[in-house]
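Residue 283 in full-length UniProt numbering sits at position 283 of the sequence shown, and the numbers go up by one each step.
Every residue gets a Cβ at the ideal spot worked out from N, C-alpha and C, and that includes glycine.
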Amino acid sequence: MSEPTETPATRLLAWLTDGDLRLLSVLTVSLFVLVWVLSFFSGIREPGRILSQIQGVAFIAVLYVMLALSLNLQWGYTGLLNLGVAGFMAIGVYTMALLSMPTSAAVPGLGLPLWIGIPGGVLVASLFGALVALPAIRLQADYLAIVTLAFSEIVRLVIRSQEAASFTIAGTRLGTGGTDSLALPTSPVKVLLYEDPSQPAAIAAASPTPLGDILFTAGEQIGASPAVMESLVYTVFLLVIAVAFFWLVSRIANSPFGRVLKAIREDELVASSLGKDTRLFKIKVFALGSGMMGLVSILWFLERGSVTPATFVPDLTFFVFVALILGGSGSNMGGVIGSLVFVVLLLESPRFIRRIIRESFDPPAPPETIFDALSGVDPLLGYFTSQESISALRFILLGIILVYLMQQRPDGLLGHRTEVASNVDLADRQQTEEES
Numbered sequence: 001m002s003e004p005t006e007t008p009a010t011r012l013l014a015w016l017t018d019g020d021l022r023l024l025s026v027l028t029v030s031l032f033v034l035v036w037v038l039s040f041f042s043g044i045r046e047p048g049r050i051l052s053q054i055q056g057v058a059f060i061a062v063l064y065v066m067l068a069l070s071l072n073l074q075w076g077y078t079g080l081l082n083l084g085v086a087g088f089m090a091i092g093v094y095t096m097a098l099l100s101m102p103t104s105a106a107v108p109g110l111g112l113p114l115w116i117g118i119p120g121g122v123l124v125a126s127l128f129g130a131l132v133a134l135p136a137i138r139l140q141a142d143y144l145a146i147v148t149l150a151f152s153e154i155v156r157l158v159i160r161s162q163e164a165a166s167f168t169i170a171g172t173r174l175g176t177g178g179t180d181s182l183a184l185p186t187s188p189v190k191v192l193l194y195e196d197p198s199q200p201a202a203i204a205a206a207s208p209t210p211l212g213d214i215l216f217t218a219g220e221q222i223g224a225s226p227a228v229m230e231s232l233v234y235t236v237f238l239l240v241i242a243v244a245f246f247w248l249v250s251r252i253a254n255s256p257f258g259r260v261l262k263a264i265r266e267d268e269l270v271a272s273s274l275g276k277d278t279r280l281f282k283i284k285v286f287a288l289g290s291g292m293m294g295l296v297s298i299l300w301f302l303e304r305g306s307v308t309p310a311t312f313v314p315d316l317t318f319f320v321f322v323a324l325i326l327g328g329s330g331s332n333m334g335g336v337i338g339s340l341v342f343v344v345l346l347l348e349s350p351r352f353i354r355r356i357i358r359e360s361f362d363p364p365a366p367p368e369t370i371f372d373a374l375s376g377v378d379p380l381l382g383y384f385t386s387q388e389s390i391s392a393l394r395f396i397l398l399g400i401i402l403v404y405l406m407q408q409r410p411d412g413l414l415g416h417r418t419e420v421a422s423n424v425d426l427a428d429r430q431q432t433e434e435e436s
């Protein structure tokens, strides 16, 4: 049987996908070119507005990359099915708010500096991760998932309760704001751009720092507002943090600690028989992953300026799992690529599709009766482009993709790749021993 001949197209595809960095670069450029094309056809033609759309998608994508890497430590490497991602995120950001909000705010905090509040939020999220892991490590995967999901919902309901909205500890009034939006401290990036970062961007931009003046002047050349340039700087800051996340998780994966985690995932009994305290390893990795999730949440909502309990619903946890499943659990690069594909194609593209349909057909409002719906095509377009229908379309796409992956690529896009057992080339070591 003759081997298939190589064509220029197959050689180009092999070159583009040769190496993680090249694959990631090609995929990232392709996805954000797609965002630009979708923005253009949805009626967004000005460079400043297109930059705003790309920045918004990139912001969400980087956040999901960090969340997927955090979950990969717990589920991908150790096999711990943590369905409480949203709960640990809520603990991190609300702890930071309680520590760092001014005492004079409508919902006051302790008034501590942000450089204390952020580590405090991460530490408390890690502590709760360890506490949840203590009873949960004895449970099988399905029961662990139920426990962590229930814990996440308990956290959300406690935060939004009237008792937690405002309370007093040792004469100090604190609170979570209940169901209302809770204002957060000023983003550290604003300090670099504005002389008075406490003001809104439109007002604070009148007195920028030298760095802010350079960026805002550059933004004016393409029609980007100071708020867009500020968000762009924050997204670049998040990208640096995401690179640090990837480095940390990769180092852990290649360390003796990481190899024990993989052994626990494959067969915990074997790992225990080798003298490893698997319970302690589970607690450590659960605490570490939960703390990282708390940090991501803090960074996310500091840029937004406020937070509400309605954000931390189980859907958020489900989305993080989908991103990791797409790329392949147990693969750090798979988590990165899966997050990019998920955010661009599944999370954000439906709203662009809605705009494109509205831009092309100008549909009327959704019909109120069956007769109105069946009387022509335009009312149906109005129905299918409503906000509820676009949200449903997102879940339909998620379902189709997941069914396809489970049948064709159950390990995800990159989960099929074999991992080295050690970052030391054992063949080179054997050759060195023979020469000596």
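By Cβ distance, which residues of its chain are closer than 8 Å to residue i, with the 5 residues on each side in sequence left out?
i    : result
D20  : M333
L192 : T209, L211, G212, V233
K282 : T78, L80, A133, I137, I264
G275 : none
Just to confirm my understanding: we take residue i, look at its own chain, exclude 5 residues before and 5 after, and list those with CB closer than 6 Å. What are they?
i    : result
A224 : G48, L51
T7   : none
S297 : M89, G92, V93
L83  : A145, T148, L149, T317
Y64  : A323, S339, V343
R279 : I137
A86  : S152, F312, L316, T317
L71  : V320, L324
S39  : I50, Q53
Would you kindly check if the distance between the Cβ of residue j and the Cβ of residue i is under 7 Å?
i    : j    : result
E130 : A287 : Note that residue 130 corresponds to Ala in the displayed sequence, not to Glu. Contact: yes.
F301 : V93  : yes
G412 : L347 : no
P309 : R160 : yes
G79  : S100 : no
G289 : Q140 : no
V320 : L67  : yes
S306 : A204 : no
G291 : G76  : no
Q55  : S231 : yes
L261 : G328 : no
P102 : G111 : yes
G335 : L69  : yes
P350 : R409 : no
V189 : F237 : yes
Taking its Cβ as the centre, do 16 or more other Cβ atoms sit within 10 Å of residue i, making it buried, or is it exposed?
i    : result
Y194 : buried
V377 : For V377, the predicted model reports a pLDDT of 49, less than 50, meaning its position is unreliable and no value from the coordinates is stated.
G399 : exposed
L215 : buried
R173 : exposed
R156 : buried
M406 : exposed
A170 : exposed
A61  : buried
Q162 : exposed
A392 : exposed
F245 : buried
T235 : buried
S226 : Note that residue 226 is Pro in the sequence shown, not Ser. Buried, by the Cβ-count rule.
V403 : exposed
Q53  : buried
A242 : buried
I396 : exposed
S126 : buried
Hey, quick one: how far does the beta strand (DSSP E) through residue i stretch, first residue to last?
i    : result
I169 : 167 to 169
R173 : 172 to 174
In terms of residue numbering, what span does the alpha helix (DSSP H) encompassing residue i cover?
i    : result
R138 : Run containing R138: none; DSSP gives neither H nor E here.
Q221 : 210 to 221
V240 : 226 to 253
E268 : 268 to 273
T308 : No alpha helix (DSSP H) holds T308; DSSP gives it neither H nor E.
G327 : 314 to 327
G334 : 332 to 341
P188 : 188 to 193
G23  : First, the residue type needs correcting, since residue 23 is Leu and not Gly in the sequence shown. Per DSSP, L23 belongs to the alpha helix (DSSP H) from 20 to 41.
For the ligand MN, is there a heavy atom less than 6 Å away from the beta-carbon of residue i?
i   : result
L69 : As for the ligand MN, it is missing from this structure, which has no ligand bound.
Output needed for residue i: all residues of its chain with C-beta closer than 7 Å, excluding positions within five of it in sequence on either side, in chain order.
i           : result
S42         : F352, R355, I356, E359
F167        : L174, G175
V270        : A263
M96         : G117, I118, G120, G121, I298
V35         : Q53, I54, V57, V344
residue 440 : One cannot answer for residue 440 here, as it falls past the ends of the chain, which runs 1 to 436.
*Pick out the complete alpha helix (DSSP H) segments inside the region 62 to 112, 4 residues or longer, and give them in chain order.*
85 to 100
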